[in-house]
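Notes follow once the structure below has been shown.
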Amino acid sequence: MLRKLHGSLNVIQNRKMMMNKLTVTLASFVFVIGTCGAAVAQSDEEKQMTEKNRGSEMAEIRYQDEVLSNPEMSGTARAEGARTGGNTAIINQNGSRNTSSVVQKGDDNVADQTQTGNYNDLRVEQKGWHNRSYESQTGDHNRKVKIQNDTETIIEQVNP
Amino acid sequence: MKSMKATLLALSAFLLITSPVSADPVTGDTAYITQAGSNGTVTTDKTETTENPDTITVTQEGSSSCETAEIKLAGNGNHTATVHQSGDHDSAKVSQLGEGDTAEIDQSGGSGNSSTISQGDLSVAGTATITQVGSGNTGDFTQNGVSDIATISQAGSGNGAAISQGDLSVGENATITQVGCGNSGEIFQYGLGDNATISQTAEGNTAKITQESGGDNNKATITQNTGGNGNTASIDQYGNNQTAAIDQRGSSNVADVDQSGTLQQVRITQTGSGNLAMINQH
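Protein chains in written order, with the numbering used here: chain A, 1 to 160; chain B, 1 to 282.
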């Protein structure tokens with residue numbers, strides 16, 4: 001009788017343990033579902049934010065494509081970027097075997113170089129938009145190197 | 001033996017002092033200190049704040065050498081500090097902290113002399129002048145104020161001049177004039193609407209002006225146009241609407257201008273052969 005009672009108690013205990021396990025499992029499941037639901041709910045908001053960001057990113061890309069890369073756009077629009085410009089460089093050299101060099105980065109710059117004499121070297125490098133360069137070499141065996149927006153032009157001027 | 005020699009030198013200097021040193025002049029008073037001899041030392045330190053103008057003049061004259069003069073003036077009130085030294089290896093130092101102060105150091109006829117003038121943060125419309133005649137002299141300025149004027153004039157060879165107008169400077173003026181060979185002049189400015197000028201005559205001279213990113217509308221000018229060879233002129237400007245100009249005459253001269261910002265203007269003029277002019281604007 002006692003053995004039977006002990007046996008049934010064991011069965012009840014085992015079932016209790018199984019129930020506990022089941023409860024824990026169910027709770028975990030509910031938690032996971034809840035978390036997933038919350039995650040899904042959050043992702044809707046995030047989605048909106050991402051769309052927003054993507055929109056501003058797109059706007060930025062459009063700005064870079066249409067404004068910064070377009071030489072026809074107005075200087076004012078381009079001036080809103082971080083680019084420098086509007087600078088003026090003037091070099092006048094009288095004599096022989098002189099070297100004149102101007103390097104300008106940015107937009108709307110002006111370089112003006114004048115060399116009078118022989119065997120002179122003149123170099124101008126401008127990277128940006130709407131830059132202007134004036135070069136004047138008077139004399140013999142002068143040399144000029146001109147680079148604008150990565151296009152290099154080398155002009156040998158020999159007046160023997 | 002060495003310490004005995006030093007004691008004798010100090011004693012001889014003491015005996016040659018023609019008038020006593022007033023180490024602590026009365027507020028608003030005038031002090032004239034004159035020394036003749038060698039190895040003399042004059043130090044005045046006036047730290048109390050006063051509105052009254054003080055005048056301190058130190059003269060170390062004759063064939064004196066290795067003399068030292070130091071004047072410290074604090075407070076607002078158009079103070080005037082003047083040091084005259086004639087001899088070799090003399091040293092003069094003036095410190096001022098106030099408005100409308102005037103400092104003048106004259107070291108004529110010697111070599112190896114050094115001058116230092118410092119006008120502090122509160123200096124407004126201060127005027128500082130260093131004049132040196134001889135070789136191997138150094139002149140050094142520090143000004144942190146508004147509308148201050150600093151001038152260094154040196155005649156001789158192997159001289160060095162430096163002017164620093166620092167953080168709070170607005171509308172400052174710095175001028176270095178050097179006549180002779182192998183001289184170096186340097187001006188550093190960090191402010192708005194500052195003006196820097198270096199003028200050098202003869203050969204093998206070096207001039208450098210730096211106008212840092214603290215402000216706009218600064219102007220820098222270097223002139224090396226008396227037909228000298230092997231001169232170097234360099235201008236660095238950071239900010240907007242800055243102006244730089246270099247004028248050189250002679251051979252094998254180098255002119256270099258670096259500008260960072262917008263609406264900058266630079267002009268380099270060179271007359272002669274084998275010269276190099278470089279402008280970098282970015």
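Beta carbons are placed, not taken as given, at the ideal position from N, Cα and C, and that holds for glycine.
{"Query": "Measuring CA to CA, which of 80/B, 41/B, 56/B and 181/B is closest to residue 68/B?", "Result": "41/B"}
{"Query": "In or out: residue 153/A buried (at least 16 other Cβ within 10 Å) or exposed?", "Result": "exposed"}
{"Query": "How is residue 172/B classed by DSSP in three states: helix, strand or coil?", "Result": "coil"}
{"Query": "Check the Cβ-Cβ distances between residue 245/B and every residue of chain A, and say whether any is below 7 Å.", "Result": "no"}
{"Query": "Measuring straight from C-alpha to C-alpha, what distance separates residue 276/B and residue 255/B?", "Result": "6 Å"}
{"Query": "Tell me which same chain residues have a C-beta within less than 6 Å of the C-beta of residue 177/B, skipping the five on either side of it?", "Result": "153 and 199"}
{"Query": "Would you say residue 3/B lies against chain A (beta-carbon separation less than 7 Å)?", "Result": "With a pLDDT of only 39 at residue 3/B, under 50, the local geometry of the prediction cannot be trusted, and no value is derived from it."}
{"Query": "Can you list the residues of chain B that residue 136/A reaches, using a CB-CB cut of under 7 Å?", "Result": "Ordered by position in chain B, no residue passes the 7 Å Cβ test against residue 136/A, which lies about 14 Å from the chain."}
{"Query": "Using the Cα positions of residue 32/B and residue 130/B, report the straight-line distance between them to the nearest angstrom.", "Result": "19 Å"}
{"Query": "If you measure beta-carbon to beta-carbon, which residues of the region 90 to 103 of chain A are closer than 7 Å to chain B?", "Result": "90, 91, 92, 93, 94, 95, 96, 97, 98, 99, 100, 101, 102 and 103"}
{"Query": "Quick check: the Cα distance between residue 139/A and residue 113/A, rounded to an integer number of angstroms?", "Result": "14 Å"}
{"Query": "Measure from the C-beta of residue 88/A to each C-beta in chain B and report whether the shortest distance is under 7 Å.", "Result": "yes"}
{"Query": "Hey, residue 206/B and residue 188/B: beta-carbon distance below 7 Å or not?", "Result": "no"}
{"Query": "For residue 94/A, tell me which candidate among 249/B, 282/B and 259/B has the shortest Cα-Cα distance.", "Result": "249/B"}
{"Query": "If you run the structure through DSSP and keep just helix, strand and coil, what is residue 252/B?", "Result": "coil"}
{"Query": "Work out the CA separation of residue 61/B and residue 271/B for me, nearest whole Å.", "Result": "43 Å"}
{"Query": "For residue 74/B, which of helix, strand or coil comes out of DSSP?", "Result": "strand"}
{"Query": "Between the region 226 to 257 of chain B and chain A, which residues of the former have CB atoms less than 7 Å from a CB of the latter, in chain order?", "Result": "none"}
{"Query": "Starting from the Cα of residue 181/B, find the closest Cα among 103/B, 196/B and 201/B and give me that residue.", "Result": "201/B"}
{"Query": "In the DSSP assignment, what are the bridge partners of residue 138/B?", "Result": "114/B and 160/B"}
{"Query": "Using the Cβ count rule (16 or more neighbours within 10 Å means buried), how would you classify residue 149/A?", "Result": "exposed"}
{"Query": "From 95/B, 216/B and 227/B, pick the residue whose C-alpha is nearest to that of residue 263/B; which is it?", "Result": "216/B"}
{"Query": "Where does residue 156/A land, buried or exposed, given buried means 16+ other C-beta within 10 angstroms?", "Result": "exposed"}
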